[in-house]
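If you're matching positions, the sequence shown starts at 1 in our numbering and goes up one per residue.
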Amino acid sequence: MLVTLKEILKEAYKNKYAIAGFNVYGYEDAISVVKASEKLNLPVILMTNVDAINHMPIKILGKMLIEIAEKAKVPVVVHLDHGKTIEVVKKALEAGFSSVMYDGSALPLEENIRNTKAVVDLASKYGASVEGEIGSVGYSDPALNSNASYTDPSEAQLFFEKTGVDALAVAIGTLHRMTEQEAVIQYELLEQIEAMTHVPLVLHGSTGVKDSDLKKLSSKGICKVNIGTAIRMAFGHTMRDEFNKNPLEFDRIKLFKEPMKQVEQVVMHKMRILGGENA
Ligand SMILES: [Zn+2]
Numbered sequence: 001m002l003v004t005l006k007e008i009l010k011e012a013y014k015n016k017y018a019i020a021g022f023n024v025y026g027y028e029d030a031i032s033v034v035k036a037s038e039k040l041n042l043p044v045i046l047m048t049n050v051d052a053i054n055h056m057p058i059k060i061l062g063k064m065l066i067e068i069a070e071k072a073k074v075p076v077v078v079h080l081d082h083g084k085t086i087e088v089v090k091k092a093l094e095a096g097f098s099s100v101m102y103d104g105s106a107l108p109l110e111e112n113i114r115n116t117k118a119v120v121d122l123a124s125k126y127g128a129s130v131e132g133e134i135g136s137v138g139y140s141d142p143a144l145n146s147n148a149s150y151t152d153p154s155e156a157q158l159f160f161e162k163t164g165v166d167a168l169a170v171a172i173g174t175l176h177r178m179t180e181q182e183a184v185i186q187y188e189l190l191e192q193i194e195a196m197t198h199v200p201l202v203l204h205g206s207t208g209v210k211d212s213d214l215k216k217l218s219s220k221g222i223c224k225v226n227i228g229t230a231i232r233m234a235f236g237h238t239m240r241d242e243f244n245k246n247p248l249e250f251d252r253i254k255l256f257k258e259p260m261k262q263v264e265q266v267v268m269h270k271m272r273i274l275g276g277e278n279a
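Take a look at the structure:
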């Protein structure tokens, strides 16, 4: 069933576990994520980022994801990841997304607060949830690197009080697009932020986080864990193996089978670590 982020994060916050959000690019990964969640009987977040909606128009991708969510046997959120403008957020809301992230982390604090509040007001008309970001999670690829900076706990407190977001992305040591689990987590900083905000916190760039850290973080106020690279690697690397093993095969439905299975395996592995009511 399609649900909002707010609904599922409330339980996660109260009971100290985290819900996985996966960045998906099409039908194959989206359906594999939902199948894994159904096997574990856990809620999940299907996310689309700007790369995905540049590839497939948001109206088309949104309809497909919403249909998948509505048919699912577990609660599924359809979420826009890193909406950088109010226009793209509006498009997602119009397409029926149950949750949106507005990322004003590169803007001066006041402007980030002002725009995020406008998104919260807009999303409430659609009954959708909002995730904001304070501090800035950078990228492991130097070409993409913006000015990454840790979250300041007092800024986080002010941001939450002024905007009333349902979830808050924080920068505590992770980077986007890491291919190895090498992130060094700033636990002390996380504790300070948690103590000053009391809002479900979101970890971006979680592919780069060790399994043991993921487990620890999910009991310390991190309620949503964003994973993209790990399932893209599972899909892409398995696909390459399939091509090599079957040089004459050209039917992509056959070639997709094994990559989809591998995505399902990675999703189940990550979800088991993060815990939850039924994990
Ligand atoms: Zn992110």
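Ideal placement from N, C-alpha and C gives every residue a C-beta, glycine not left out.
Note that the structure is predicted; figures quoted are calculated from it, not measured.
Item                                                                                                                      : Value
C-alpha gap between N112 and L190, whole angstroms                                                                        : 21 Å
C-alpha distance - G276 paired with A36, whole-angstrom precision                                                         : 14 Å
Beta-carbon contacts of D51 that lie in its chain and below 8 Å, excluding the five residues immediately before and after : Y25
Cβ neighbours of N115 in the same chain (closer than 8 Å, five flanking residues each side left out)                      : I86, Y102, G104, L107
Through-space distance from P247 to A96, alpha-carbon basis                                                               : Note that residue 96 is Gly in the sequence shown here, rather than Ala. Rounded to the nearest angstrom, the two C-alpha atoms are 41 Å apart.
Among V199, T174, E194, nearest to D213 - alpha-carbon criterion                                                          : T174
Cβ neighbours of P259 in the same chain (closer than 6 Å, five flanking residues each side left out)                      : F235, T238, M239
Cα-Cα separation between N41 and V74, rounded to whole angstroms                                                          : 6 Å
Minimum C-alpha distance to M1 - residue among F22, V44, H176                                                             : V44
Between the CA atoms of V266 and F159 - distance to the nearest angstrom                                                  : 34 Å
Residues sharing a beta bridge with M101, DSSP                                                                            : E131
Selection from Q186, N23, K117, A183 that minimises the alpha carbon distance to D166                                     : K117
G21, enclosing alpha helix (DSSP H) - first and last residue                                                              : Element bounds for G21: not the alpha helix (DSSP H) but the beta strand (DSSP E), 19 to 23.
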